[in-house]
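Residue numbers (this note's numbering), protein chains in the order written: chain U, 1 to 216; chain D, 1 to 216; chain H, 1 to 30.
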Amino acid sequence: SGTLYTYPENWRAFKAQIAAQYSGARLKVASAPPAFTFGQTNRSPAFLGNFPLGKVPAFEADDGFCLFESNAIAYYLSNDVLRGSSPQASAQVLQWVSFADAEIIPPASTWVFPTLGIMQYNKQATEQAKEEVKRALAVLNQHLNTRTFLVGERVTLADISVVCSLLWLFKQVLEPAFRQPFPNMNRWFITCINQPQFKAVLGDVKLCDKMAQFDA
Amino acid sequence: SGTLYTYPENWRAFKAQIAAQYSGARLKVASAPPAFTFGQTNRSPAFLGNFPLGKVPAFEADDGFCLFESNAIAYYLSNDVLRGSSPQASAQVLQWVSFADAEIIPPASTWVFPTLGIMQYNKQATEQAKEEVKRALAVLNQHLNTRTFLVGERVTLADISVVCSLLWLFKQVLEPAFRQPFPNMNRWFITCINQPQFKAVLGDVKLCDKMAQFDA
Amino acid sequence: AVQYLAQEKIWFEKPQYDEAERRFYEGVNG
């Protein structure tokens with residue numbers, strides 16, 4: 001058990017929080033004053049002494065063990081089922097965790113951030129990002145053609161990581177027409193976010209009705 | 001045992017190859033015709049059937065088990081020591097593997113690609129990348145102040161991943177004056193690349209004498 | 001949450017770098 005430092009609604013922190021729901025790890029989430037003030041606490045010498053990058057999420061176990069990088073924290077708070085219960089399954093879990101970071105997050109951010117008003121809009125970059133997102137969704141869709149979950153027959157860290165990396169897309173821009181060509185992927189995403197352990201962290205996820213556009 | 005598909009001199013493939021040296025996994029490297037032609041073989045339907053992104057490195061075990069994403073392949077080809085021999089160590093290994101991908105590779109690519117003629121030079125981006133590299137090296141240097149290796153007392157996947165992510169930097173742009181403020185990190189890097197298992201894959205690594213500049 | 005997201009460090013250009021790297025090594029490898 002320990003404390004997870006983060007700002008609120010941080011998709012990276014959700015990975016660790018959902019993992020803790022499955023494993024039963026007792027996790028205190030410090031995301032608001034006085035426990036944690038983003039921009040202040042994570043710039044303090046005490047915090048930087050444990051977490052030299054000053055980034056969140058950051059995890060401190062009750063015994064003082066410290067971890068940064070969301071994948072590492074989620075892994076630590078997992079159980080053996082989440083991590084993959086065979087050498088092959090463990091490697092496949094890492095494959096999808098890497099896939100989320102490498103193939104989903106960059107184009108998802110490029111597309112979504114301007115719609116949230118936190119980045120300038122660039123038409124060419126957005127159109128290219130949409131194609132990259134389609135490609136990633138197609139890979140997932142094909143993989144999930146005959147599978148309920150990404151690795152094995154139960155939820156693993158693979159599902160948790162990929163779902164969390166897709167959250168902003170599903171909430172902001174993946175309108176029904178855009179996501180309609182990926183029925184397996186949609187099925188899997190809906191199944192995951194309705195698991196009690198996901199729901200306990202994410203609440204009710206409102207799926208995008210209409211693709212958000214650039215918010216100036 | 002199995003086959004690793006890659007183009008030659010691929011730092012991402014090196015992670016898996018060095019891991020296999022430690023674990024004793026029998027790894028065939030297919031990096032040249034007729035076994036593998038980058039740009040052709042990885043666009044074939046057969047390859048894409050196993051590796052839908054068409055990217056390398058890609059691994060196919062002799063029993064047909066397939067993996068993409070270099071971190072997953074390196075993990076699969078590792079042994080328990082490399083993966084971290086306790087729950088805390090395993091998580092720390094993942095922390096540094098993620099650190100390499102998130103904190104080193106982006107600025108390293110931004111800085112080094114123009115010097116290899118892979119991308120156009122952008123002065124502002126390069127200057128910012130240098131600062132980010134310095135920051136990452138400082139974190140490593142501080143962590144290695146009292147440590148020989150990144151996790152525990154033996155080489156792990158953490159060392160392998162971070163060393164491989166630093167290769168371009170050390171070969172192309174980290175001239176002696178630039179790397180001089182990071183003595184612990186230098187010590188650790190030199191120690192690692194001189195381990196027989198690293199040497200068997202990397203050969204003699206010629207460190208940068210003079211910072212390479214943009215190659216038009 | 002949105003304001004915090006604005007401070008996240010994301011490698012937006014990763015796909016372009018991947019593409020440039022791919023083309024380079026395809027060229028190097030004939």
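The C-beta atom is built at its ideal place from N, Cα and C for all residues, glycine as well. Because the structure is a prediction, the values reported are computed rather than measured.
How far does the alpha helix (DSSP H) with residue i in it extend, from its first residue to its last?
{"i": "Ala125 of chain D", "result": "Lys123 to His143"}
{"i": "Gly49 of chain U", "result": "Pro45 to Asn50"}
{"i": "Ser78 of chain U", "result": "No alpha helix (DSSP H) holds Ser78 of chain U; DSSP gives it neither H nor E."}
{"i": "Leu94 of chain D", "result": "Pro87 to Phe99"}
{"i": "Thr41 of chain U", "result": "No alpha helix (DSSP H) contains Thr41 of chain U, which DSSP labels as neither H nor E."}
{"i": "Leu5 of chain H", "result": "Val2 to Leu5"}
{"i": "Lys171 of chain U", "result": "Leu157 to Gln172"}
{"i": "Arg154 of chain D", "result": "No alpha helix (DSSP H) contains Arg154 of chain D, which DSSP labels as neither H nor E."}
{"i": "Trp111 of chain U", "result": "Ile105 to Thr115"}
{"i": "Arg257 of chain U", "result": "Any question about residue 257 of chain U goes unanswered here, given that chain U covers just 1 to 216."}
{"i": "Arg147 of chain U", "result": "Neither: Arg147 of chain U is in no alpha helix (DSSP H) and is coded neither H nor E."}
{"i": "Met119 of chain U", "result": "That residue, Met119 of chain U, is in no alpha helix (DSSP H); it is neither H nor E in DSSP."}
{"i": "Pro183 of chain U", "result": "Pro183 to Ile193"}
Using the beta-carbon of each residue, which ones in chain H are nearer than 7 Å to residue i?
{"i": "Ile118 of chain D", "result": "Ala20, Glu21 and Phe24"}
{"i": "Tyr76 of chain D", "result": "The premise fails here: Tyr76 of chain D is roughly 22 Å from chain H at the closest Cβ pair, so nothing lies under 7 Å."}
Provide the residue span of the beta strand (DSSP E) that contains residue i, from first to last.
{"i": "Gly203 of chain D", "result": "Counting along the chain, Gly203 of chain D falls outside any beta strand (DSSP E), and DSSP gives it neither H nor E."}
{"i": "Leu67 of chain D", "result": "Cys66 to Phe68"}
{"i": "Gly27 of chain H", "result": "Run containing Gly27 of chain H: none in the beta strand (DSSP E); it sits in the alpha helix (DSSP H), Lys14 to Val28."}
{"i": "Phe59 of chain U", "result": "Ala58 to Ala61"}
On the DSSP bridge assignment, give the partners of residue i in chain order.
{"i": "Lys219 of chain U", "result": "This structure gives no information on residue 219 of chain U, because the portion of chain U shown stretches from 1 to 216."}
{"i": "Leu27 of chain D", "result": "D:Gly2"}
If you check the beta carbons only, do residue i and residue j fall under 7 Å apart?
{"i": "Leu140 of chain D", "j": "Met185 of chain D", "result": "yes"}
{"i": "Leu67 of chain U", "j": "Phe59 of chain U", "result": "yes"}
{"i": "Lys210 of chain D", "j": "Glu153 of chain D", "result": "no"}
{"i": "Ser165 of chain U", "j": "Ile105 of chain U", "result": "yes"}
{"i": "Val163 of chain D", "j": "Cys192 of chain D", "result": "yes"}
{"i": "Ile18 of chain D", "j": "Gln172 of chain D", "result": "no"}
{"i": "Thr156 of chain D", "j": "Val93 of chain D", "result": "yes"}
{"i": "Ile73 of chain D", "j": "Ala16 of chain D", "result": "yes"}
{"i": "Thr148 of chain D", "j": "Ala125 of chain D", "result": "no"}
{"i": "Gln95 of chain D", "j": "Glu69 of chain U", "result": "yes"}
{"i": "Ser1 of chain D", "j": "Asp62 of chain D", "result": "yes"}
{"i": "Leu77 of chain U", "j": "Ala25 of chain U", "result": "yes"}
Please name the residue in the options whose C-alpha comes closest to that of residue i.
{"i": "Val81 of chain D", "options": "D:Lys206, D:Ala16 and D:Ser23", "result": "D:Ser23"}
{"i": "Pro8 of chain U", "options": "U:Gln21, U:Ala20, U:Arg26 and U:Thr37", "result": "U:Thr37"}
{"i": "Pro57 of chain U", "options": "U:Ser90, U:Lys28 and U:Leu94", "result": "U:Lys28"}
{"i": "Gln16 of chain H", "options": "U:Val97, U:Glu103 and U:Ser98", "result": "U:Glu103"}
{"i": "His143 of chain U", "options": "U:Thr156, U:Glu131 and U:Phe182", "result": "U:Phe182"}
{"i": "Asp159 of chain U", "options": "U:Ser98, U:Tyr76 and U:Ser109", "result": "U:Ser98"}
{"i": "Trp168 of chain D", "options": "D:Ala136, D:Phe113, D:Ser85 and D:Gln40", "result": "D:Phe113"}
{"i": "Tyr121 of chain D", "options": "H:Val2, H:Glu8, H:Ala20 and H:Lys9", "result": "H:Ala20"}
{"i": "Arg23 of chain H", "options": "D:Leu150, D:Lys171, D:Val205 and D:Ile118", "result": "D:Ile118"}
{"i": "Ser90 of chain U", "options": "D:Trp111, D:Thr110, D:Phe65 and D:Trp96", "result": "D:Phe65"}
{"i": "Lys134 of chain U", "options": "U:Phe178, U:Thr3 and U:Thr6", "result": "U:Phe178"}
{"i": "Ala30 of chain U", "options": "U:Asn10, U:Gln21, U:Pro45 and U:Gln88", "result": "U:Asn10"}
{"i": "Phe14 of chain D", "options": "D:Asp215, D:Val201, D:Gln213 and D:Ala216", "result": "D:Val201"}
{"i": "Tyr5 of chain U", "options": "U:Arg26, U:Ala25 and U:Ala35", "result": "U:Ala35"}
{"i": "Leu5 of chain H", "options": "U:Gly49, U:Arg26, U:Lys55 and U:Arg43", "result": "U:Lys55"}
{"i": "Gln213 of chain U", "options": "U:Glu132, U:Ala46, U:Asp63 and U:Glu127", "result": "U:Glu127"}
{"i": "Leu218 of chain D", "options": "D:Ala100, D:Arg26, D:Phe51 and D:Gln195", "result": "Any question about residue 218 of chain D goes unanswered here, given that chain D covers just 1 to 216."}
{"i": "Leu150 of chain D", "options": "D:Trp188, D:Lys130 and D:Ala108", "result": "D:Trp188"}
{"i": "Pro107 of chain U", "options": "U:Gly84, U:Ile190 and U:Glu131", "result": "U:Glu131"}
Does at least one heavy atom of the ligand SAH sit under 6 Å from the Cβ of residue i?
{"i": "Pro45 of chain D", "result": "In the structure on display, the ligand SAH does not appear, and there are no ligands present to speak of."}
Could you tell me which chain U residues have their CB closer than 7 Å to the CB of residue i, listed as they occur along the chain?
{"i": "Pro183 of chain D", "result": "The premise fails here: Pro183 of chain D is roughly 17 Å from chain U at the closest Cβ pair, so nothing lies under 7 Å."}
Going along chain U, which residues have a C-beta under 8 Å from residue i?
{"i": "Val2 of chain H", "result": "Leu116, Gly117 and Ile118"}
Give the residues of chain H in contact with residue i, contact being defined as C-beta atoms less than 9 Å apart.
{"i": "Gly203 of chain D", "result": "The contacting residues do not exist; Gly203 of chain D stays about 18 Å from chain H at best."}
{"i": "Gln128 of chain U", "result": "Pro15 and Gln16"}
{"i": "Thr38 of chain U", "result": "Just to set this straight, residue 38 of chain U is Phe in the shown sequence, not Thr. Neighbours of Phe38 of chain U on chain H, chain order: Tyr4 and Gln7."}
{"i": "Asn42 of chain U", "result": "Simply none; closest approach about 10 Å."}
{"i": "Thr110 of chain U", "result": "Ile10, Phe12, Glu13 and Pro15"}
{"i": "Phe113 of chain D", "result": "Tyr17, Ala20, Glu21 and Phe24"}
Applying a beta-carbon distance threshold of less than 7 Å, which residues of chain D neighbour residue i?
{"i": "Pro52 of chain U", "result": "Val139 and Gln142"}
{"i": "Ser98 of chain U", "result": "Glu69, Asn71 and Ala72"}
{"i": "Leu48 of chain U", "result": "By Cβ distance, chain D contributes nothing, its closest Cβ being about 10 Å from Leu48 of chain U, past 7 Å."}
{"i": "Gln95 of chain U", "result": "Leu67, Phe68, Glu69 and Ala72"}
Anything in chain H within Cβ reach of residue i, meaning under 8 Å, just list it in chain order.
{"i": "Ser165 of chain U", "result": "Correct list: empty, because the minimum Cβ distance to chain H is about 11 Å."}
{"i": "Pro106 of chain U", "result": "Ile10, Trp11, Phe12, Glu13, Lys14 and Pro15"}
{"i": "Pro8 of chain U", "result": "Ala1 and Tyr4"}
Cβ closer than 8 Å: which chain D residues qualify as neighbours of residue i?
{"i": "Ala91 of chain U", "result": "Leu67, Ala72, Ile73, Tyr75 and Tyr76"}
{"i": "Pro87 of chain U", "result": "Tyr76"}
{"i": "Glu103 of chain U", "result": "Leu53"}
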